[in-house]
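Participant:
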Amino acid sequence: MDRALNLARLQHLCRSSLTASRSVLGPLVAQTGRVLLGSWVNILLFCVPAGLALNYTSGPALAIFIVNFFAAVGLLALGDTALECITSRVGSLYGSLLYISTSNLMQMISSIVLLVQNQVDLLQVSLVGSLLANILLLPALSIFYAAFRRKFMAHNYHINRNYTLMLSLAVSGFIIPTVFDREPIFSPASTAAVSRATSIILMLAYGAHLYFQLSVHRNRFGHFMRERHEKADELLISIRVALGIFVVTSVLLYFCVDLVVNSIQELEEDSSGFGFFTGFILIPILNCDVAAVEQAGRSMDLMLMFTIGKCIQSALLIAPFLVVISWGMGIDTLNLSFDLWMVVSLFISVYILNTLLIRESFNC
1 MDRALNLARL QHLCRSSLTA SRSVLGPLVA QTGRVLLGSW VNILLFCVPA GLALNYTSGP
61 ALAIFIVNFF AAVGLLALGD TALECITSRV GSLYGSLLYI STSNLMQMIS SIVLLVQNQV
121 DLLQVSLVGS LLANILLLPA LSIFYAAFRR KFMAHNYHIN RNYTLMLSLA VSGFIIPTVF
181 DREPIFSPAS TAAVSRATSI ILMLAYGAHL YFQLSVHRNR FGHFMRERHE KADELLISIR
241 VALGIFVVTS VLLYFCVDLV VNSIQELEED SSGFGFFTGF ILIPILNCDV AAVEQAGRSM
301 DLMLMFTIGK CIQSALLIAP FLVVISWGMG IDTLNLSFDL WMVVSLFISV YILNTLLIRE
361 SFNC
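Position 321 of the sequence shown, counted from 1, bears residue number 321 in the UniProt record's numbering, the numbering being contiguous throughout.
Spelled out as structure tokens, the structure:
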């Protein structure tokens, strides 16, 4: 009888465990499925296991590069969806701060991968390419897209002037170490010291700029965050599931970018200009935010906030932060001294943007 009683207790325990697991795994699987099926771009997620398999089977370098590049596109889209769900649960202020902090996630991950592999030249090229893409390419595409929806576009120059001034400060932060490095009387150690001091000043300036934007122009972020909340609420995803998806996609994105960089090194042996093309064109394209183009049809101010805001973050936070990290890693070759053509291109681009924004309207 005791044996039968123990068997009954064991069966009851198994049923209870099975019921509990179903109650936990059922909603988890359903929510994850809604996220994965929420966009056609997620079909690129099939490239993630394919890219990893190609790498571990020693596949062709070009195939590894292409497959992992498209895998990164799919992971970025999935991570952005998860981020929308997270920001919709934490409030407008913290959601805005979280969105701003992760807006250059691709740039940060790719930069860390390049820094770990000591690809300093490719890292600097990708930073400049990302800045030029957000200064020139995205505003041009946004205006072109908005022209199909309305013939007259206006923006508030007095508000956007703060962004252009901070962008000018960022470019100045690159000019000073570059000119300092060109003087033959100064040693490389002096250039590194100037770059590190400039990096600390730029990061402090970005912190003050971010505090000012979130405190004074909070309503601009609030309007955009409400639109993101409406899109996220349609998925009915809990914050734990969204956070788990975001963490997993970020980790997988790191490995995919790492494989892309490794394949670049192999392809560079066959084609000397492939690495430059990838760093200057392809990686910055991954960092472009399609949300800026979408917002141009509604508000030019929001479009400029996205594009110039990402440039400011790249120049005032990411580039100086990488210099500080390389300082701690003992890598002295990374500093804020860029090639002259890079600095001249940035300066001319900022000047063109400032000239265009003086006019508070665009007629198409």
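Where a beta carbon is used, it is the ideal one built from N, C-alpha and C, also for glycine.
In angstroms, rounded to a whole number, what distance separates the CA positions of R89 and F246?
Facilitator: 14 Å
Participant: I need the straight-line Cα distance from L214 to L98, nearest angstrom please.
Facilitator: 12 Å
Participant: Starting from the Cα of L122, find the closest Cα among R240, D339, A146, A189 and give me that residue.
Facilitator: D339
Participant: Looking at the secondary structure, which residues open and close the alpha helix (DSSP H) in which T102 lies?
Facilitator: No alpha helix (DSSP H) holds T102; DSSP gives it neither H nor E.
Participant: For the alpha helix (DSSP H) containing residue 369, name the first residue and the last one.
Facilitator: Summary: the structure shown does not reach residue 369, with the chain confined to residues 1 through 364, and so no result is reported for it.
Participant: Nearest-angstrom Cα distance between K310 and T249?
Facilitator: 21 Å
Participant: Here's the rule: buried if 16 or more other CB atoms are within 10 angstroms of the residue's CB, otherwise exposed. What is P139?
Facilitator: Residue environment analysis places P139 among the buried positions, since at least 16 neighbouring C-beta atoms fall within 10 angstroms of its C-beta.
Participant: So which of S195, G275, M303, F274 has the shortest CA-CA distance to C288?
Facilitator: M303
Participant: When you compare each of L114, Y163, S103 to L305 by their alpha carbons, which one comes out closest?
Facilitator: It is worth fixing the name first, because residue 305 is Met in this sequence and not Leu. The alpha carbon of M305 has as its nearest neighbour, out of L114, Y163, S103, the alpha carbon of Y163.
Participant: Which of the three DSSP states, helix, strand or coil, is assigned to N118?
Facilitator: coil
Participant: Helix or strand or just coil, what does DSSP make of F338?
Facilitator: coil
Participant: Give me the residue from P284, T178, P184, F174 with the minimum Cα distance to I201.
Facilitator: F174
Participant: Taking M300 as the reference, which of A72, S58, S142, S103 has the closest Cα?
Facilitator: S142
Participant: State the start and end residues of the unbroken alpha helix (DSSP H) segment that holds N42.
Facilitator: That residue, N42, is in no alpha helix (DSSP H); it is neither H nor E in DSSP.
Participant: Residues in its own chain within less than 7 Å of G51 by CB, not counting five upstream and five downstream?
Facilitator: Sequence-distant partners of G51 (beyond 5 residues in either direction) whose C-beta falls short of 7 Å from its own C-beta, in its chain, are I64, V67, N68, A71, C256, L259.
Participant: State the DSSP-derived secondary structure class of I237, mapped to helix, strand or coil.
Facilitator: Assignment of I237 by DSSP, reduced to helix, strand and coil, places it in the coil class.
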